[in-house]
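Asker: In terms of this note's numbering, the sequence shown has 208 at position 208, counting the first letter as 1, and numbering is strictly consecutive.
Mind having a look at this structure? Questions to follow.
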Amino acid sequence: LCTLESGTPLARADIVGFTLQYELSGTNILNMLELSGIPVLSTERGEDFPLVLGGGPCAGNPEPLADFFDAFLFGDGEEAVLEIAEVFRAWKRERGTKKDLLKRLSAVEGVYVPSFFAVSYATDGKIAAITPLEPGYEKVVRRIAPDLDGLSYPTAPVVPFLKTVHDRVSMEIARGCTRGCRFCQAGYIYRPVRERSPETVLAKIDEVLKHTGYEEVSLLSLSSADYGCITELLRELMARYAKERVAISFPSLRVGSLTRDLVDEIVKVRKTGFTLAPEAGSERLRRVINKGITEEDLIQNARDAYCAGWRVIKLYFMIGLPTETMDDVLGIAELGAQVKRAGRGTGHGGDVTVSVGSFVPKPHTPFQWRRQIGREEILDKQRFLRGELKKRKLAFKWHDAHLSFLEGVFARGDRRLSRVLLKARDLGCRFDGWGEHHDFRAWEKAFADAGIDPEFYLRERGFDEILPWDRLDSGVSREFLLLEEEKSRRELPTSDCRGGSCTGCGVCDLSRVRPLTYRPEDFGSRIASVRSVLRPHAHEVPEEGAVRIRLRFTKTGTMSLLSHLELIHLFTRAVRRAAIPIRYSLGFHPHPKFSFATALSVGVESWAEYFDMEIAPGFGARRVLESLNRVLPEGMEVLDAVEIPLKSPSLSVILDATRYRVTLPDNAASGLREKAEAFLRLETFPHGRAKKGRSVEIDLRRELLELTVSGNTLEMLVRRGKPVEFAAAITGVPEDALTGLRIEKLSVRFRETAPEGSSKGCAGD
C-alpha cells in the first residue's frame with residue numbers, strides 16, 4: 001500500500017495512523033499493515049519501521065488492539081497530532097531508540113502507550129491488575145480542544161471520482177452533547193459542548209464548496225438542531241447556495257428539536273433523508289435511558305415532515321436496552337404505526353421504515369457495567385418485530401445479530417482478544433462489518449483456537465471490577481457514571497446542562513474547558529465580518545438567453561479508467577469548482593444540463609471526447625475552456641469550446657464515425673499486415689453480441705471504413721462497433737484473450753461541421 005498523494009510506500013513513512021471508528025475494523029487494520037510490509041505486532045517493529053498510531057472513538061478502549069499499535073490518542077486530535085509530529089521529528093534528528101520515542105510521546109496529553117502498562121488476570125478470567133511500568137505515567141486523560149474555531153479544518157479535501165457513502169461536505173458545527181442519553185458513548189467522550197462560531201462555519205463551507213464542487217453540505221453534530229444559531233445559519237446557507245442547487249442535510253435530528261422553520265428551509269433544494277431516533281418503544285424505557293422525548297413530539301415532527309413533502313420517514317430503535325420487556329419491543333411497532341398514521345391527509349403518503357439495532361454497552365457510559373443480550377435473544381426479538389411490523393405494513397431493517405455479538409465482545413474486550421484477531425486474520429476474515437464478507441463460523445473457530453469464550457465479554461460487570469479501560473480517563477467521573485446508572489434503575493431524568501444547572505459530570509474546569517455556545521440574537525453581527533470574503537449569492541440561469549457550449553476534451557492516462565458515470569460525476573463537480581453558471585433540469589433531483597456524445601469504454605484513452613452544456617449568457621466559450629482547465633485533473637483537458645445554437649442536433653445524432661488506434665502485444669501481432677489485408681478482402685463479417693439481455697448482430701466489415709497497419713498497430717475508422725471487436729476479428733484471437741491492448745480514440749467525424757479548433761469532418765485529422 002502507498003500514500004494517496006505522493007505514492008510513498010507505507011513501510012517508508014514515519015508515522016502510519018488509523019482512525020478507529022468501528023469495533024470490527026481489527027482484521028482490516030492487520031490486513032493493511034501486512035499489505036504495506038509492516039509487521040503487525042508492535043514488538044516486532046524497531047526503529048526502521050513506521051510508528052503505528054490509533055485514534056477515534058474506539059480509542060476509548062483500545063485494549064483488543066494493544067498488541068498491534070505503538071500508541072493511541074484518546075480525545076481530540078487536531079492539536080495533539082502536531083505535538084506528536086514535533087516529538088517524532090526531534091527524536092528522529094537525535095536518532096534515539098524506540099522506547100525513548102514512546103516515553104516522549106507519553107508526555108503528550110491524551111497519548112496512551114499500551115506497552116507501558118502490564119495487565120494480569122485472575123483465575124476466573126477477570127483482570128487482576130493493570131500495573132504502570134513507567135513512573136509518573138499512571139493514567140491517560142482525554143485530550144480536549146477547548147475552542148473549535150482555533151483548530152485547522154480541511155477546506156480542500158480529496159474529492160473521489162466515484163460516488164462514495166459520505167459524498168458531501170461534512171462541516172462539524174459542534175462537538176459534544178450533554179443531553180445525557182445513558183447508552184451513548186459519544187455523549188460522554190466528546191463533552192463538553194463546543195460550538196464552532198457561525199462566521200467560521202460559513203467561511204469554511206464557502207471555501208470547501210469552492211475547492212470541491214460538492215452538491216450537499218452536511219451539518220455535523222451529535223444533535224445538529226441543538227446548535228444555538230441553527231435556524232439563522234440554515235436560512236443564510238439556503239439564501240446563499242439554494243440557487244446553486246446545494247442541499248443542506250442533518251445527520252442527526254433529535255425528536256422535539258426539529259421546528260417547522262427548519263423543515264421549510266431544508267426542502268428548498270431537495271429532500272435529503274429524514275430519520276428520527278426514538279431509540280425505545282415506550283415512555284418508560286426512554287426514561288431509563290434518559291432520552292427525554294415524548295411521543296407527542298415524535299408525531300408532530302413526523303407530521304411536519306410529511307406536510308413538507310417527505311414520503312418516507314425512517315425511525316431508529318434499539319432492542320436489548322437495560323430493563324427491556326416484550327411490551328417495550330411491541331411498542332416499537334405501535335409507535336411506528338402512529339407515525340404512519342400521521343401522514344394521512346398530508347397529500348404525501350405516510351410510509352415508515354423501522355430500523356432496529358441491538359444495544360451494545362460501551363465504555364465510559366453509565367451502562368458500561370450492564371449485560372448485553374445474546375444472539376438468540378436478539379434473533380427472537382427480531383422475529384417478533386418482523387411479524388408485528390408486517391401486520392402494520394411497516395418496512396423493517398435490522399442489524400445482523402452476529403455482528404452485534406462481535407461488536408459487544410470487542411467494545412468491552414481486553415488484550416487477550418489480540419490472539420483472536422490474529423487467528424481470524426489467518427482464517428481469511430476481512431471487512432467484517434460488511435454482510436457479504438462476514439464469516440461468523442471463521443470467527444467461532446478463531447475464538448476456539450485462541451482458547452477464549454466470547455460470551456465472557458458480554459456479561460454484566462461488577463461495580464468493583466477492574467475494567468480494561470480503567471487507565472483511560474474520559475473526564476467524566478466514575479462517581480457520575482455510577483449515579484447515572486442508579487438513576488436509570490429508578491427511571492429518573494438528568495437535565496441537559498446546556499439549558500440548566502451543572503450536572504457535575506466532572507469534565508469542565510470552568511476556565512479552559514467549558515461549554516461554548518452562541519446565541520441566535522448575535523448571529524447577524526457575528527457573520528458581518530465574513531460576508532465580504534464569501535462568494536456572492538448565485539442567481540438562477542434564465543430559460544431565455546441560455547447558451548449551449550460544445551466542448552472537445554481528452555481522457556488519457558489514469559483518467560481512462562473512469563467509467564462514464566464517473567466521468568459525468570467528475571464534470572458535475574468541475575463545473576461547480578469553475579463557477580460556471582450551468583443550467584439545471586427540473587424535477588425532484590435537478591441535474592446539470594450535460595449531453596455527452598458516447599460512453600467510452602473503460603481503459604480506452606481519448607483525444608476526442610465531446611459534450612454539450614447549457615449555461616447563462618455572457619460567460620463565453622473561451623472562458624468555459626479556461627475555467628475548466630484550471631480545475632480538471634491531470635489526464636483531462638478541454639481542447640476546444642464553441643458556442644452553438646441552443647436547438648442544434650445532439651451529438652449522438654450527428655456522430656458519423658470514430659478513428660481508433662489499437663496497439664497489439666507481440667503475441668497477437670504476428671502476420672498482422674496479411675491478416676488486415678485478408679479482412680479487407682471480405683465482403684461481410686457478421687458479429688453477434690449481447691445487448692440488454694438479447695443477441696444483436698452487426699457486420700464488422702461493413703462498419704469498417706478505413707484500416708491501416710504500422711508495426712503492431714492498427715488504425716481504423718469505424719461507424720459502429722468496439723475497437724477490441726475489430727482487433728479480434730482481424731487477428732483471429734478471441735476478445736477475452738486479447739490482453740495488454742492499448743486502445744486510443746484519435747478523432748470523431750460528424751455529419752455536420754465540428755467545433756472550432758478542429759477540422760471539418762474528422763476532428764483532429
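Using N, Cα and C, we set each Cβ at its ideal position, and we do this for glycine too.
All of these numbers come straight from a predicted model, not from anything done at the bench.
(1) Is Tyr112 helix, strand or coil when you go by DSSP?
(2) According to DSSP, which residues form a beta bridge with Pro592?
(3) Can you tell me which of the three DSSP states Cys497 falls into?
(4) Is it true that the CB of Leu1 sits closer than 9 Å to the CB of Leu35?
(5) Can you tell me which of His687, Ala668 and Ala579 puts its alpha carbon nearest to the alpha carbon of Leu738?
(6) Considering only the alpha carbon of each residue, which of Thr663, Thr27 and Ser595 lies closest to Leu421?
(7) On the DSSP letters alone, give me the boundaries of the beta strand (DSSP E) that Pro723 sits inside.
(8) Could you check where the alpha helix (DSSP H) with Met326 kicks off and where it finishes?
(9) Ignore the nearest five residues each way along the sequence and tell me which others in Phe117's own chain have a CB closer than 8 Å to its CB.
(10) Ordered along the chain, which non-local residues of its own chain (more than five positions away) have a Cβ less than 6 Å from that of Ala186?
(11) Does DSSP put Cys762 in a helix, a strand or coil?
(12) What did DSSP end up calling Pro767 once you bin it into helix, strand or coil?
(13) Taking 8 Å as the cut-off, is the CB of Gly451 close to at least one heavy atom of the ligand HEM?
(14) What does the Cβ neighbour count give for Gln382, buried or exposed, with the cut at 16 atoms within 10 Å?
(15) Can you check the stretch 361-443 for any beta strand (DSSP E) of at least 3 residues that lies completely inside it and give the ranges in chain order?
(16) Whole angstroms is fine: what's the gap from Glu725's alpha carbon to Ala678's?
(17) Does the separation of the CB atoms of Val354 and Lys291 fall below 9 Å?
(18) Would you kindly report the start and end of the unbroken alpha helix (DSSP H) that includes Glu207?
(19) Are the CB atoms of Gly75 and Gly46 nearer to each other than 9 Å?
(20) Taking its Cβ as the centre, do 16 or more other Cβ atoms sit within 10 Å of Gln372, making it buried, or is it exposed?
(21) Roughly how many angstroms separate the alpha carbons of Ala546 and Arg661, rounded to a whole number?
(22) Cα separation between Asp473 and Ser282?
(23) Cβ of Arg623 within 9 Å of Cβ of Cys229?
(24) For Arg701 and Arg681, I'd like the C-alpha separation in whole angstroms.
(25) Measure the alpha-carbon distance for Ile189 versus Gly17 and round it to whole angstroms.
(26) Going by DSSP in three states, Thr275 sits in which element: helix, strand or coil?
(27) Does Ile29 come out as helix, strand or coil in the three-state DSSP assignment?
(28) Hey, how far is the Cα of His211 from the Cα of His569?
(29) Could you tell me if Phe463 is buried or exposed, where buried requires 16 or more neighbouring beta carbons within 10 angstroms of its beta carbon?
(30) Taking the straight line between their C-alpha atoms, what separation do you get for Arg311 and Asp261?
(31) Please go through the stretch 546-573 and give each complete beta strand (DSSP E) segment of 3 or more residues, from N-terminal end onward.
(32) For His437, which option in Arg191, Glu484, Leu403 and Gly635 has the closest C-alpha, if you only look at C-alpha atoms?
(33) Should Glu296 and Arg286 be called a contact, given that it needs their Cβ atoms to be closer than 9 Å?
(34) Could you tell me the alpha carbon to alpha carbon distance between Gly150 and Leu219, rounded to whole angstroms?
(35) So what does DSSP say about Glu195, is it helix, strand or coil?
(36) Note down the Cα distance separating Arg573 from Leu632, rounded to an integer number of angstroms.
Answerer: So, from the data block:
(1) strand
(2) Tyr584
(3) coil
(4) yes
(5) Ala668
(6) Thr27
(7) From DSSP, Pro723 is part of no beta strand (DSSP E) but of the alpha helix (DSSP H) over Pro723 to Thr731.
(8) Met326 to Ala342
(9) Ile130, Thr131, Pro132, Leu133 and Arg471
(10) Leu222
(11) Because the pLDDT at Cys762 is just 36, under 50, the model does not fix this residue reliably, and the value given afterwards should be weighed accordingly. The answer is strand: DSSP assigns Cys762 an E or B state.
(12) A query on residue 767 cannot be resolved here, the shown segment of the chain reaching from 1 to 765 and no further.
(13) Looking at this structure, you won't find the ligand HEM or any other ligand, since it has none at all.
(14) buried
(15) 395-398
(16) 16 Å
(17) no
(18) Pro198 to Thr212
(19) no
(20) buried
(21) 38 Å
(22) 33 Å
(23) no
(24) 9 Å
(25) 20 Å
(26) strand
(27) helix
(28) 15 Å
(29) exposed
(30) 19 Å
(31) 547-555
(32) Leu403
(33) no
(34) 19 Å
(35) strand
(36) 10 Å
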